[in-house]
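Participant: Residue numbering for the sequence shown follows this note's numbering, beginning at 103 and increasing consecutively. The beta-carbon is built from N, C-alpha and C at its ideal position, and this holds for glycine as well. Input: one structure, supplied below.
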Amino acid sequence: MGAWDWNLTTNRATYSHTLGPLFGLPPGAQHATVTEFLEAIHPEDRSRISQAIMQSVETDTPFYEEYRILWPDNSLHWVSDRGRTY
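Quick look at the structure:
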């Protein structure tokens, strides 16, 4: 399990040290930007997940999604994601 936080004011994201391995990265590694995070999502799922995140932000409601991610070695993995705007 991993966690991430996106500061909407500064557009900076921070990630827990456990999130990297879920994306095929070494422990403590992280995506430099939210854009890089979204680019790790399978292209067929990317738009849907981006829209779910933005809808959650705009409506202040939680989101629950499952989607595919592509690791740096191009292997395909599924994740379950939930988020909320605070």
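1. Hey, Ser158 and Thr187 are a contact pair by Cβ (cut 8 Å); roughly how many whole angstroms apart?
2. Which partner residues of Leu172 appear in the DSSP bridge assignment?
3. Helix, strand or coil: which one does DSSP assign to Gly185?
4. Alpha carbon to alpha carbon, how far is Glu146 from Pro164?
5. How long is the line joining the alpha carbons of Arg114 and His133, rounded to whole angstroms?
Facilitator: Quick look at the numbers:
1. Numbered from 1 along the sequence shown, position 56 holds the residue referred to as residue 158. Numbered from 1 along the sequence shown, position 85 holds the residue referred to as residue 187. Right, the Cβ-Cβ distance comes to about 6 Å (below 8 Å), so this counts as a contact.
2. Here residue 172 corresponds to residue number 70 of the sequence shown, with the count starting at 1. In DSSP, Leu172 forms a bridge with Leu178.
3. Locating residue 185 in the sequence shown gives position 83, where the first residue counts as 1. Collapsing the DSSP output to three states places Gly185 in a strand.
4. Here the question's residue 146 lines up with position 44 in the sequence shown. Here the question's residue 164 lines up with position 62 in the sequence shown. For Glu146 and Pro164, the distance between alpha carbons rounds to 22 Å.
5. As a working mapping, residue 114 is identified with position 12 in the sequence shown. As a working mapping, residue 133 is identified with position 31 in the sequence shown. So the two alpha carbons sit approximately 11 Å from each other.
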